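Heads up, the sequence shown is in the numbering used here, so the first residue is -14 and it goes up one at a time.
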Amino acid sequence: EALKAQRSAQREGEEPFYVIDTPLLSDVPAELEEVMPRLSHVLFADVCKDGASPYAATAVRLQRKGLLPRHWGCVAATPSYNPLGTTLTFTNSADIREGFNDLLKQGVLE
């Protein structure tokens, strides 16, 4: 979904953003730690439901190491029942674009 959001934002002339896939959930990947100091805005997009988001732990670990930028956020799936075999309530590209655009507004309003 993040790649879909990235492609549609590019097509529509919105602010470009990078997608960094981090399948390692038990720790912060070294590569992510290396790139974080170069980023001004970070949005964690998680398909897990809000409250069960493994990226919340990633954000805490990055903050402890002083690597989380000032503008960051997280979008996660809605905490509702998802009928078996559907992706209706999963995080989608519109959620990701909205979350990223909200982050950009934070930087402009300061």
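We put the beta carbon where it would ideally sit given N, CA and C, even for glycine. This structure is a prediction, so every number in the text was calculated from the model and none was measured.
Residue i, buried or exposed, once every other Cβ within 10 Å from all chains shown has been counted against 16
i       : result
THR43   : buried
ASP12   : exposed
VAL20   : exposed
SER25   : exposed
ASP6    : exposed
VAL27   : buried
GLN(-9) : buried
Residue i versus residue j: straight-line alpha-carbon distance, rounded
i       : j     : result
ARG23   : SER78 : 24 Å
LEU88   : PHE75 : 21 Å
LEU47   : LEU53 : 5 Å
GLU(-1) : ARG82 : 9 Å
GLU16   : PRO8  : 12 Å
Where residue i sits in the DSSP three-state scheme
i     : result
LEU88 : helix
heavy atom of the ligand SAM below 6 Å from residue i C-beta
i     : result
MET21 : The model depicted lacks the ligand SAM and carries no ligand whatsoever.
* Asked: Residue ranges of each beta strand (DSSP E) run of no fewer than 3 residues wholly in the region -14 to 53, ordered along the chain?
  -> 26 to 34
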